[in-house]
Structures are given as C-alpha cells and as structure tokens.
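What follows is a short report on a single structure.
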Amino acid sequence: MELNLPIYLDNNATTPMDPRVLEAMLPYFVEKFGNAASRNHSFGWVAEEAVDYAREQVAKLINADAKEVIFTSGATEANNLAIKGVFEMYASKGNHIITATTEHKAVLDACKHVEKMGGQVTYLEVQPDGLIDLQQLESAITDKTILIAIMYGNNEIGVIQPVKEISAIARKHGVLFFTDATQAVGKVPVDVLADGIDLMSFSGHKMYGPKGVGVLYVRRKNPRVKVTAQMDGGGHERGMRSGTLNVTGIVGLGKACELCMNEMADEAERLSAMRDKLEKALLQIEEAYVNGNTDHRLPHTANISFKYVEGEGLMMGFNKNIALSSGSACTSASLEPSYVLKALGLGDDLAHSSLRFGLGRFTTEDQIDFTIDAITTTVLKLREMSPLWEMYKEGVDIDAIEWAHH
Amino acid sequence: MAYSDKVIDHYSNPKNVGTLDKSKSNVGTGLVGAPECGDVMRLQIEVDEESGLISDAKFKTFGCGSAIASSSLATEWLKGKTVDQALAIDNMDIVEELNLPPVKIHCSVLAEDAIKAAINDYRVKNGLTELAEVTAH
C-alpha cells in the first residue's frame, strides 16, 4: 500500500468525518430540510423523526436515556451551559464550584465567568502525572459546593481521571458532578450510570462526526438535574437550549455515535498498539520523556518532550508531511508554553519541547513508521544545532546559568 | 502560520552551524535568550587580527524556525565585515530579508543581541570598553 501524505496526527484537535457519517447526513440538507419543531406537517415530522433517532444513537453510546441528551452547537457551548446553568439553577443551594487547572479553556473560562458573577471556584492542582488528588478534592468541598467539574480525558496528555471515584465523592456530599468528556466519548467506554455522571459534554467533530454539533447530557433521575438556559428563545431541548435544531449535524452525530459504539473496542486496541509503538520508538531518543500518566490514558494520545529542542522548530522539520500539535505556542512575543504541561510541574524548557500525537480511525501503521523516522531525524538534526544540547553534553548545568529574560 | 521560503531555506540548510574555540582571544561569544522563553542563541565571531575583518562566524540556536533562520543569516552577514560594520546590523534588516511576520520579530531582535554580545565579548577580551547599549532590548 502506498503511503498517504500528509499524515494527520492531530485527531485531538479535530477528526476527519467518517464518509459513512456524511452519507447519513446528506438527505437532510436539501430533500429532508424540515424544521424539527414544525409539528403540523410532514417536513417537520421527518426532521423530528431523524433527530429522535439520532438522540437514541447518542444515548445508547453513553448508556443514557434519550431524554437526557441536550443538543448544542458543540462542547464549548455544552461546557458553558453546564457550569453557568448549574451555577444559576442552584444559586439557593450554594455558589462554590471545584475544578482543576488542567481543564479545557472552555471550562476554565466559564468558571472565571462564574467568579465574576459572585461565585467561588477552587482550581485543584494536579499531581505530576496529571491525575487529581482525590483527598484534595474531597477536602475542598464545603457546604456551599454545588458542582465538581473534572474532565474525563485530557486533550493534551490524554490522562483519564478517576471518574468513578470522583462521582462517589460528589454523591457522598450531595454535590453534582459534571465531566467534559469531549476526548473520551467514542474512544473509551463511557457509561453515565456506571460512572455516576450528572452532566457531561462532548462534541461531534472529535469522534468522526461533523463540526458545529455537541451534547450536554443532563441526568433526569437520581438526582433530577436542571440547568438554567443560557440562550433565550423557543424553549427547545426541554427548555434548556433554545434554537432551531441543527438536524443535519445531529443526524451526523448520531451516526458517528453508532459507528463508535460498534467499532470502539477494536479501534482502541488498534490505536493503542500503534501509539505504543510510536512512543516506544521515540523514547529510544536520548532525553525524551512521556508527559502524563501512561496507565490511565486515552488509547490514541501521546505527549512527548524532547529536551533541548524547541517544539515549533521541531515541527517545522516535518510539518509538510506530518500534522501534529506542539505544547509550545511560540506565536506571540510572550511565548507561552502549554498551561497543562506546566500544571504537571514541567519546566518551561520541557514544556516548550513537547509534541502531542493524536492518532485516529484513519491512521495507518506505515504512517506511524514514517513519523518515527521523520521525528527521530529532526530531533537529532536540531540537537546538533542546539546550544543547550551542547552544554548538556559538556556537563554544564543549564539551570545554573543566569538567562536574560526579554 | 506559513514560513517564508527564505526562512525554510535557512532552516533546512542552515549556514555556519558550529562552535569556535571560545578560549581564543580573537573569538567573541554571545549567548542570549532563555530556555523558558523558547529561544536560546549562541553566536560566535572570529576576528582576523591583521585585517580586522570577521573571518569566521558560527551559531547554535534552540528555537523556532525563524530563530534558527535569523541566526543563520546573521552569521552569513558577519563574515567579511569589520567589527564596526557588524555592529551596524539592525534587526529590521533581518526582518526584511527573511520576511518575518510581526510575531517573529523577537527572533531578529535576539539575533541582533547575539551579534552585539559576541562583539562585546571580543572587545572585553581585547582590552576594549564594553558597549553600553547591548542590553538595551
């Protein structure tokens, strides 16, 4: 088989849509264009039926009831709805939310918003492997705590949090548990009942579905959870999210969920084998380190630091042929490295030297072989060019040097 | 962000990567930047004592493609110049030559700083006064 270039290894940013998803969506653009809220004619009924079917497909994947699925424009909106919606709905009960420093920006910024509205937020530090400390979590709970917001699997390092243990703590203290499962749903088994999840967000475009559609799961029983709508209008989605339903997107998301349901187990096995091969080969390089816990991790993700080479410079060596992401965002004068890696306690130098690999459904073994070669070659080449590598090799203590800061 | 062809060329075929003997009195070494900022440049010049011209220049850079290209270009420009001519190299000349976008201007600033730091080191080694403006950036 011929090697397909360029190679896409940034599936944690977005996944290509599965052609089978597109096929399911196509009739709903032109032919079956109805508004799912039109109750008086067949155009509306056809659209509503398609949405209902998709809702079942989604619910089945996460072991929820179809009525518990609230469609949104994506995970960002779902995160905002969960956090701000719970904050408003449960104002009489308390105003304290607990989250972690490694959450996605959509969660962190929604929490910042809550703080501006008079709420209190605790941002838990994570351990060096990226997992939260359960004791710390429990001791952060006060009589004002209404919500624990901890993600399922991390987008940068792939670390999977102990969701069952977190939900047990939440339950014990009568606090709601919300999880951003954008990277986890469709990749690993996520079961809202077994996992004890009260609210959960995820998105179509991270699981081979379309962009512009996502879900907030809102539990209906034990306990019955409600969120205050953040969008006023026609009262769609049980009043929690107004706005004409994105029928094509929802149909696509439903199909994507069905495919994941059927193929997830095999896919996870295939991807983790390739990921492990990639990781093992790249760790043969001197001074290369994996970031985050490797025992509790999404099957398709790896984050590796190559000390003494800079991430953006490294990517330039192969980004014609390989698309992936760096923990170093060297696009502004401030040169901010990834806050997630820094939260693990990585020095700025290691955080600047990291690459995130996100494998996906269409990744092939020969693409992985090509990637191993290309990255190894580039790291070695850039180290020949790196003054830090030379110093390291000469035994100079780089941390002891007084660097001038711009 | 797309890189200019010139940046890509310097990145792919960097000129004058290497190390000069910093213990020699006619070699000046400049080390600027910081690992936590994602950029460290080391630039060295060797001055021919008879002619007063820079006979050799070498660099090693930890950083993005623009930082590597800026230092590679700087070493090319330094060779054959007098030390005073070298001092006149302005970061905006590098920006122009490499078509650096605004977010990468700091790479050129770093290269100019590295040139000045190398010259300073050379001056101090040879009993000349230190340049005042080197740390101005």
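Chains as they are written, first to last, in the numbering used here: chain U, -8 to 397; chain Z, 13 to 149.
Idealized CB from N, CA, C, for every residue including glycine.
*asked:* If I measure Cβ to Cβ from residue 141 of chain Z and keep anything under 8 angstroms in the same chain, skipping five residues before and after, which residues do I get?
replied: Counting only Cβ-Cβ distances below 8 angstroms, and skipping sequence neighbours, we find 135.
*asked:* Counting only Cβ pairs nearer than 7 angstroms, list the residues of chain U close to residue 44 of chain Z.
replied: 395, listed in chain order.
*Can you name, in chain order, every residue of its own chain whose Cβ lies under 6 angstroms from the Cβ of residue 5 of chain U, other than the five neighbours on each side?*
Taken in chain order, the residues that qualify are 196.
*Between the Cα of residue 199 of chain U and the Cα atoms of U:10, U:192, U:84 and U:219, which residue gives the shortest distance?*
If we check each option's Cα against that of residue 199 of chain U, U:10 comes out closest.
*Decide if the segment 364 to 372 of chain U is in contact with the segment 78 to 94 of chain Z; the criterion is three or more beta carbon pairs, one per stretch, under 8 angstroms apart.*
No: the two stretches stay apart, fewer than three of their Cβ pairs being nearer than 8 angstroms.
*Indicate whether at least one CB of chain Z lies closer than 8 angstroms to the CB of residue 276 of chain U.*
So, not an interface residue.
*Could you tell me how far apart the beta carbons of residue 30 of chain Z and residue 130 of chain Z are, in whole angstroms, since I believe they sit closer than 8 angstroms?*
At roughly 14 angstroms, the Cβ-Cβ gap does not stay under 8 angstroms, so residue 30 of chain Z and residue 130 of chain Z are not in contact.
*What does residue 54 of chain Z touch in chain U if you count any residue whose Cβ is under 7 angstroms from its own?*
Under the 7 angstroms cutoff, chain U gives 378.
*Show which residues of chain U have a CB atom less than 8 angstroms away from the CB atom of residue 29 of chain Z.*
Contact of residue 29 of chain Z with chain U by beta-carbon distance below 8 angstroms involves 375 and 376.
_Straight-line gap, residue 50 of chain U to residue -4 of chain U (C-alpha atoms, nearest Å)_ = Taking the CA atoms as reference points, residue 50 of chain U sits about 36 angstroms from residue -4 of chain U.
*For residue 361 of chain U, which of helix, strand or coil comes out of DSSP?*
Note: residue 361 of chain U maps to helix in three-state DSSP.
_Straight-line gap, residue 83 of chain U to residue 96 of chain U (C-alpha atoms, nearest Å)_ = In a straight line, the C-alpha of residue 83 of chain U is about 27 angstroms away from that of residue 96 of chain U.
*Can you tell me whether residue 184 of chain U is buried or exposed, with buried defined as 16 or more other CB within 10 angstroms of its CB?*
Counting Cβ neighbours within 10 Å, residue 184 of chain U comes out exposed, since fewer than 16 surround it.
*Using DSSP bridges, identify the partner residues of residue 71 of chain Z.*
Answer is Z:29 and Z:55.
_Run through the DSSP bridge pairs and tell me what residue 171 of chain U is partnered with._
Residue pairing from DSSP places residue 171 of chain U in a beta bridge opposite U:192.
_Quick check: the Cα distance between residue 260 of chain U and residue 20 of chain Z, rounded to an integer number of angstroms?_
Computed Cα separation, rounded: 38 angstroms.
*Put residue 321 of chain U into one of helix, strand or coil per three-state DSSP.*
Bear in mind that the predicted position of residue 321 of chain U carries a pLDDT of just 48, short of 50, making it unreliable; the figure below should be weighed with that in mind. When DSSP states are grouped into helix, strand and coil, residue 321 of chain U belongs to the coil group.
_Partner residues on chain Z for residue 389 of chain U, Cβ-Cβ distance less than 8 angstroms_ = By Cβ distance, chain Z contributes 47.
*From the beta carbon of residue 400 of chain U, is the nearest beta carbon of chain Z less than 8 angstroms away?*
A question about residue 400 of chain U goes unanswered here, because the residues of chain U that appear run from -8 up to 397.
*State the Cα-Cα distance for the pair residue 385 of chain U and residue 2 of chain U, rounded to the nearest angstrom.*
Each residue's CA atom was taken as its position, placing residue 385 of chain U and residue 2 of chain U some 39 angstroms apart.
*asked:* Any C-beta of chain Z within less than 8 angstroms: which residues of the segment 329 to 361 of chain U qualify?
replied: Under the 8 angstroms Cβ criterion, the segment 329 to 361 of chain U contributes 338, 339, 340 and 343.
*Under a CB-based cut-off of 8 angstroms, is residue 416 of chain U close to chain Z?*
Outside the displayed range of chain U (-8 to 397) lies residue 416 of chain U, so it cannot be described from this structure.
*Under a Cβ-count criterion, where at least 16 other Cβ atoms within 10 Å of its own Cβ denotes burial, should residue 108 of chain U be classed as buried or exposed?*
Exposed, because fewer than 16 other Cβ atoms sit within 10 Å of the Cβ of residue 108 of chain U.
*Could you tell me whether the segment 244 to 254 of chain U touches the segment 41 to 49 of chain U, using the rule of 3 or more Cβ pairs below 8 angstroms?*
At 8 angstroms Cβ cutoff, the stretches touch.
*Taking C-beta pairs closer than 7 angstroms, name the residues in chain U that residue 72 of chain Z reaches, listed in chain order.*
Chain U residues near residue 72 of chain Z: 376, 377, 378 and 381.
_Taking the beta carbon of residue 297 of chain U as the centre, do at least 16 other beta carbons fall within 10 Å, making it buried, or is it exposed?_
Residue 297 of chain U comes out buried.
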